[in-house]
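Taking the UniProt record's numbering, the leading residue of the sequence shown gets 1, the next gets one more, and so forth.
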Amino acid sequence: SNGINYEGDPRRAPGEDVDSPNILEFYLSVLVVPLATLMILRDSLQSIHSHDDKYVMIIYLQVYCNYL
């Protein structure tokens with residue numbers, strides 16, 4: 001067990017499989033939104049100074065992981 005208790009969550013029935021229809025919504029929120037935000041950030045940052053994208057991505061990923 002990962003230590004997270006889902007029993008208080010009304011959207012998740014007890015014993016509900018992870019492969020529920022909400023998995024698409026989960027991937028959209030976890031993957032698509034950050035990637036789109038990253039692309040927007042990259043465009044605005046490149047107009048300021050075209051620095052190595054690696055540093056921008058590392059900083060962004062650290063911020064995003066802290067947000068999670």
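Glycine is no exception: its CB is placed at the ideal position from the N, C-alpha and C atoms.
Take Pro34, set aside five residues on each side of it, and the residues of its chain with a beta-carbon closer than 7 Å to its own are Tyr64, in chain order. A distance below 8 Å between beta-carbons, with the five flanking residues on each side excluded, links Leu24 to no residue of its chain.
Between Arg42 and Val32, the CB-CB gap reaches or exceeds 8 Å.
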